[in-house]
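Going letter by letter, the sequence shown gives residues -24 to -1, 1 to 298 in mature numbering (1 follows the signal peptide of the UniProt record, and there is no 0).
Encoded as structure tokens, the structure appears first; notes follow it.
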Amino acid sequence: MLPASTLATAAAFLLGAVTPMASAASLVEIKEDFGPNPTKAGFFIYVPDVLPAKPAVLVNPHWCHGSASAAFRGSQYATLASKHGFIVIYPDSPHAADDCWDVSSAQTLTHNGGGDSLGIVSMVKWTLNKYKGDASRVFVTGVSSGAMMTQVLVGAYPDVFAAGSAFSGVPFGCFAPAGNNTGVYGYWSDDCAKGKVKHTAEEWGAIVKAAYPGYGGWRPKLQLFHGTKDEVLDYTNYGEAVKEWTSVLGLSQTPVTTTLNTPVAGWTKYTYGPNSWLEAYSAAGVPHDIRVQENTVLEFFKLNYTSDYFTWGQGGPTGPSA
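Written as structure tokens, this is what we have:
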């Protein structure tokens, strides 16, 4: 269970909530069978009134002590979906104790292994089939526990997601318990949260690749955002995540570019590899309750365009593979 200090996280996000644009479209719960969902995660979806052919899909898992409806109200993604013509999936955690996501069990950390991650992937596949979506343009973004799940999904399901964007999260596998507790759902790792779990880049990369043994295809692009004063998930996790994903993507740990004061004053953007395959933002003085930069996320995903000109995934441009 999360420390009490994180209870403020959801409230902080809601204080700055943006009401989605007035529309007949609304947040809808899908109650029918949508595929394997071993932990019974809730499935909520926002579908704009007008969709282009082959719409993209964005998954937005919520934070601890949050909910699908809180994520819907607490960001601009529904508004932007109506503007640009993509679908948003808002999964709802089945873990009532703290409403966090399972990012620790062997099941959720394994491709088709079960856990919350498999349920979310089933939501994606149902949506693609129902709305004839573009399977090469499926994206995921979240904050805190949602950021952890973002890294789980792009790590365990690189064949499903084209890119991810994680705000105040931890590396894939960081919360995994040692010993005989690998099947534990919702395990809270104090060591990881406090920045005590450290590996070499190669070791981190091996952890991700073990999630899908034998996979040699496309690896998703990734954005990382983290505040230097994060009091819940130590800033050390930012550096560990950079090591992990540069290894997975086969990139140098030396940034290609460094840009100060972007997207806001005091934040520094680092890019790694060709075409900014990994973007990492260090937010000076910012605590765990980091402000989501939706437009920066959409630009990275190329979702701020209404056409499918930008092609991703298995049908897209040549990118890192492993």
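Note that beta-carbon positions come from the ideal geometry of N, C-alpha and C, so glycine has one too.
The structure displayed is predicted, hence computed values, not measured ones.
State buried or exposed for residue i, treating a residue as buried only when at least 16 other CB atoms are found within 10 Å of its CB.
i           : result
Asn251      : exposed
Glu5        : exposed
Pro196      : buried
Glu178      : exposed
Glu8        : exposed
residue 336 : In this structure the chain extends from -24 to 298, so residue 336 is not present and cannot be described.
Thr222      : buried
Ala154      : exposed
Ala(-3)     : Summary for Ala(-3): the model assigns pLDDT 39, below 50, so the residue's position carries little reliability; its value from the coordinates is reported in the next sentence. It is exposed - the Cβ of Ala(-3) has fewer than 16 other Cβ atoms within 10 Å.
Asp166      : exposed
Gly109      : buried
Would you mind stating whether residue i and residue j have Cβ atoms separated by less than 8 Å?
i      : j      : result
Leu27  : Tyr133 : no
Gln52  : Glu270 : yes
Ala73  : Tyr22  : no
Val146 : Asn213 : yes
Pro31  : Gly61  : yes
Gly122 : Trp39  : yes
Gly249 : Val262 : no
Gly242 : Ala256 : no
Asp78  : Asp92  : yes
Asn236 : Thr244 : Going by the sequence as given, residue 236 is Leu instead of Asn. Contact flag set, yes.
His71  : Tyr163 : no
Ala152 : Ser69  : no
Phe115 : Leu279 : yes
Ala44  : Gly18  : yes
Lys174 : Val224 : no
Closest by CA to residue i, which one among the options?
i      : options                           : result
Ala46  : Phe62, Trp164 and Val119          : Val119
Asp210 : Pro189, Ala17, Cys150 and Glu179  : Cys150
Glu275 : Leu198, Ser258 and Leu236         : Leu198
Ala29  : Asp167, Pro14, Ser98 and Leu104   : Leu104
Glu216 : Thr117, Leu200, Asp68 and Ala111  : Leu200
Ala187 : Tyr163, Thr176 and Phe148         : Phe148
Phe143 : Leu34, Ile266 and Ala241          : Ile266
Val33  : Asp78, Ser58 and Asp166           : Ser58
Val100 : Asn13, Leu3 and Asn280            : Asn13
Leu94  : Tyr246, Val130, Trp253 and Ala44  : Val130
Val136 : Thr117, Arg113 and Ala152         : Arg113
Lys170 : Pro37, Thr204, Asp25 and Pro189   : Thr204
Thr247 : Gly89, Val64, Val218 and His264   : Val218
Ser228 : Asn88, Trp253, Leu85 and Tyr191   : Trp253
Lys172 : Pro189, Ala139, Val208 and Gly190 : Val208
What residues match up with residue i in a beta bridge as DSSP calls it?
i      : result
Ser258 : His202 and Thr244
Asp68  : Gly18
Val35  : Ile65 and Val116
Val4   : Ile21
Thr234 : Tyr246
Beta strand (DSSP E) runs wholly inside the segment 84 to 141, at least 3 long, in chain order: Every unbroken stretch of the beta strand (DSSP E) spanning 3 or more residues and falling wholly within the segment 84 to 141 is given here in chain order: 114 to 119.
In chain order, which continuous runs of the alpha helix (DSSP H) of length 4 or greater are located wholly inside the segment 167 to 222? Listed in chain order, the complete alpha helix (DSSP H) runs (minimum 4 residues) inside the segment 167 to 222 are 177 to 185.
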